[in-house]
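Student: What follows is a structure written as C-alpha cells; I'll ask about it next.
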Amino acid sequence: MVKQNKEKKNSVTRPPIVVVLGHVDHGKTTLLDTIRKTNIAAKESGGITQHIGAYQVEHSGKLITFIDTPGHEAFGQMRSRGANVADIAIVVVAADEGVKPQTKEALDIVKNANLPYIIALNKIDKPNADADKVKRELAENGVMLEGWGGDISSLLISAKSGEGLSGLLDLILLIAEVGELQSDPLEPASGVVIEAHKDQKRGSLATLLVRQGTLRSSANLVIGGQWGRARSLENFMLKPIEEAGPSTPVLISGLSEVSDVGETFITVASEKEAEEIIAKEKEKRRFAVKIGGESPEVMKKIIIKADVVGSLEAIVETLKKISSQIVGLDIIVAETGNITENDVKLASNSGAAIIAFRTKAPSSIELMAQKLGVTIVSSDIIYELVDGIRAEMEAAVPPEIIRTDLGVIKILATFKQEGAKQVIGGEVTKGTIKPATLIDVERGGHPMGKGKLNSVQMNKVSVDEVPQGKQCGLQIELKGMSILPGDVLKCFMEERHKRPLL
81 MVKQNKEKKN SVTRPPIVVV LGHVDHGKTT LLDTIRKTNI AAKESGGITQ HIGAYQVEHS
141 GKLITFIDTP GHEAFGQMRS RGANVADIAI VVVAADEGVK PQTKEALDIV KNANLPYIIA
201 LNKIDKPNAD ADKVKRELAE NGVMLEGWGG DISSLLISAK SGEGLSGLLD LILLIAEVGE
261 LQSDPLEPAS GVVIEAHKDQ KRGSLATLLV RQGTLRSSAN LVIGGQWGRA RSLENFMLKP
321 IEEAGPSTPV LISGLSEVSD VGETFITVAS EKEAEEIIAK EKEKRRFAVK IGGESPEVMK
381 KIIIKADVVG SLEAIVETLK KISSQIVGLD IIVAETGNIT ENDVKLASNS GAAIIAFRTK
441 APSSIELMAQ KLGVTIVSSD IIYELVDGIR AEMEAAVPPE IIRTDLGVIK ILATFKQEGA
501 KQVIGGEVTK GTIKPATLID VERGGHPMGK GKLNSVQMNK VSVDEVPQGK QCGLQIELKG
561 MSILPGDVLK CFMEERHKRP LL
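Going by our numbering, the letters in the sequence shown line up with residues 81 to 582, in that order.
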C-alpha cells in the first residue's frame, strides 16, 4: 500500500511520484523516453544516466511524476535517495537477461523504503526474451508475482516500441488511487532537492520536488545551510512557470551555492527567518573520509572535486568497493566546484592527487599543477575516473623486497674519509662480498646503520668478489658515522618485485 498522507483541511489529491529502478542497460531511460516522447539517453556520458531527473506525464487526464535515478551501480546512494521521495517504484527487468546484481539492489531499496512496486518485464520483443524464466528468477529472490503465488504486479512491456506502457500507467494510477495521496497546496512549500549543479551563465541551479504546498516565483527558500530567492521557476521541459504545486518537479535559479542532493527545502516569510534557521542547521558540504583496510601499509591522499554532491557521494561509495589492504585512500577534501589554485597548493603540500568528475581546470591551473608535480585525473564518466584512481593506488603499492645475504667482513683498518665516502680494509669471515651491494653496520653486536658497498680491491686491483678468508680494501658510502676497526659489515643484495593491489 502507498503510505497515506494525513488529510488536512485544504488537502487535495496529488499526483503519484514514481521512481524507476533496475539494472544498467535494462531499459529504464528508454522507458521514460518513450513515455514522455523525448530522448535524453544519447546525451549522457557513456550511455548511462548519471544524474537524477524528474518528469511529468499525463495519462487518462491525470498527472504522474517520474523520478529517473541513475542506472550505473556507482550511483546506488543517489538512487536510494530517489526511492525515499517516491510513492511507487517500477523495477525494470530485461526479459532477455533476467535478474542481475542491480536488480537485486533495486529490490532491496524498494523493500527497505516500504514502497509498493511493479515489475516491468522489458524487451519482450527480443527473440531470446523469456518472461517465465525471469519470473522464476524473481521468485527465487523472494519476489512472488501475481499468478506465481504472490501479490506483486507485473507487466510485459517493450520500452522501445511502447507495447504495454498504457497498462503500466493505468496500474500506477490505480495504486495511487488506493493509496489516497493527499497534500495541502496552501501550506508553505517544502520538498526535496533531487538535482543541483552550477551553470556558467545562470549560476547555481537546483531541481526541486515539491512535496507539500505550492512553490511560487520569488519565494524565500532555505536549503540546508543556505537561503535564496527563487528568481525563476521552470518545469521539466524548461518552460517558465509561476508556481509549482504538490508532486511537481521544478528547476529554480537564484541560489548562491550548489545545493546538496537529497537535502530538504522549505519556504519562509523573510530573509531574517531564513538566516535564523540557517544559523541553527548550517552544515558544510565539504567533508573528508578515509577508506581502506584496518591498517593499510600506505595511505594515498586524494582531493575529489565534482559537479554535484550526489556525484561526490557516488564516487566515495565506489571507492569503498576498490579499497585495498595495502593501499588505503585518504580523501582529504571532497567538494563540489572547479579545481582551484588552493586545491593545487594543498595537493602539492600533502602529496595528494586531484580527482575531477565533470569539473574543469583552467589552463593556468593545469600549468600550475604540472609545475608542482600534482597529478590531475579527470573524466566525465565515473568508471573511467575510478580506473585512474586505481592506477594511482597501484603506483603507490610498496614493492616486495627480497633480501639475499652474501657475506660478512670484519674491519681491520680505516684509511680515508671524505664526507659519506670511506676507504677501509678488512677480512671476509663468512660467505662472499661483492661491489655494488648494500651493507649493514654492526658494532659490538649492535646495529649502527646502513650503507652502500661501492667497490672492492685486492692487491690494489678491482675485483668482482672476495671469498671467505681473504683480505681486501673497500670503498663504502655511509651517512652519519665513521667506521672503526673491529666493526662488522654484513653485505647483502635486495630485489624489488611489483606487488598487485590486493
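Cβ atoms here follow ideal geometry from the backbone N, Cα and C, with glycine treated the same way. This structure is a prediction, so every number in the text was calculated from the model and none was measured.
1. Specify the secondary structure class of Asn300 as computed by DSSP and reduced to three states.
2. What would DSSP say about Ala169, mapped onto helix, strand or coil?
3. Who are the Cβ neighbours of Lys180 in its own chain at under 6 Å, not counting the five residues just before and after it?
4. Looking at C-alpha atoms only, which residue of Arg296, Asn90, Val165 is the closest neighbour of Thr344?
5. Assuming Leu261 is part of the beta strand (DSSP E), what are its boundary residues?
6. Any chance you could list the alpha helix (DSSP H) runs of at least 4 consecutive residues sitting entirely within the segment 232-296, in chain order?
7. Apart from the five residues on each side of it in sequence, which residues of its chain come closer than 8 Å, Cβ to Cβ, to Val92?
8. Taking Leu569 as the reference, which of Ala200, Leu582, Pro527, Asn539 has the closest Cα?
9. So, are the CB atoms of Val348 and Val302 less than 9 Å apart?
10. Just how far apart, CA to CA, sit Ala169 and Ala414?
11. State the Cα-Cα distance for the pair Leu289 and Val172, rounded to the nearest angstrom.
12. Look at the alpha carbon of Gly499 and the alpha carbon of Gly560, and state the distance between them as a whole number of angstroms.
13. I need the DSSP call for Ala193, collapsed to helix, strand or coil.
14. Can you tell me which of Glu217, Val546, Arg579, Gly417 puts its alpha carbon nearest to the alpha carbon of Ile199?
15. Along the chain, where does the alpha helix (DSSP H) containing Val179 start, and where does it finish?
16. Nearest CA to the CA of Ser375: which residue from Leu225, Leu111, Ser403?
17. Asn429 lies in the alpha helix (DSSP H); which residues open and close that run?
18. Leu452 lies in the alpha helix (DSSP H); which residues open and close that run?
19. Based on the DSSP output, what are the partners of Gly487 in its beta bridges?
20. What are the partner residues of Val413, as DSSP defines its beta bridges?
21. By Cβ distance, which residues of its chain are closer than 6 Å to Ala256, with the 5 residues on each side in sequence left out?
22. Can you tell me the Cα-Cα spacing of Leu581 and Leu518, whole angstroms?
23. Looking at C-alpha atoms only, which residue of Asn422, Ala432, Ser430 is the closest neighbour of Ala441?
24. Figure out for me which residue from Ile332, Lys490, Val214, Lys496 has the closest Cα to the Cα of Val521.
25. In angstroms, rounded to a whole number, what distance separates the CA positions of Ser160 and Met573?
26. Determine the direct distance from the alpha carbon of Val466 to that of Leu399, and round the result to whole angstroms.
27. Please look up how many angstroms separate the CB atoms of Leu236 and Ala211, rounded, as I've assumed it's under 8 Å.
28. In whole angstroms, give me the CA-to-CA distance for Leu492 and Leu554.
29. Quick one: measure Cβ to Cβ for Leu111 and Ala239, integer angstroms, because I've assumed they're closer than 8 Å.
30. Quick check on DSSP: helix, strand or coil for Val389?
31. Let's test the definition: count the other Cβ atoms within 10 Å of the Cβ of Arg94 and tell me whether it reaches 16, buried, or not, exposed.
32. Per the DSSP calculation, Glu480 is bridged to which residue(s)?
33. With H, G and I counted as helix, E and B as strand and the rest as coil, what does DSSP make of Ala186?
34. Sorted by chain position, which residues of the same chain lie with C-beta nearer than 8 Å to Val223's C-beta, five sequence neighbours on each side aside?
35. Residue range of the beta strand (DSSP E) that Val214 falls in?
36. Could you say which of Thr484, Thr439, Pro479, Val424 lies nearest to Thr455 if we only look at CA atoms?
Tutor: Short version:
1. strand
2. strand
3. His103
4. Val165
5. Segment: none, Leu261 is in no beta strand (DSSP E) and carries neither H nor E.
6. 245-259
7. Gln262, Ser263, Asp264, Pro265, Pro326
8. Pro527
9. yes
10. 31 Å
11. 23 Å
12. 9 Å
13. coil
14. Glu217
15. First-last for Val179: undefined, no H or E at that position.
16. Ser403
17. 421-430
18. 443-452
19. Gly511, Cys571
20. Ile383
21. Pro96
22. 28 Å
23. Asn422
24. Lys490
25. Since pLDDT at Ser160 reaches only 46, below the 50 mark, its modelled position is unreliable, and the value read off the structure follows with that caveat. Answer to the nearest angstrom: the Cα atoms are 55 Å apart.
26. 7 Å
27. 6 Å
28. 11 Å
29. 4 Å
30. helix
31. buried
32. His577
33. helix
34. Leu187, Ile199, Gly230, Ile232
35. No beta strand (DSSP E) holds Val214; the alpha helix (DSSP H) holding it covers 211-220.
36. Val424
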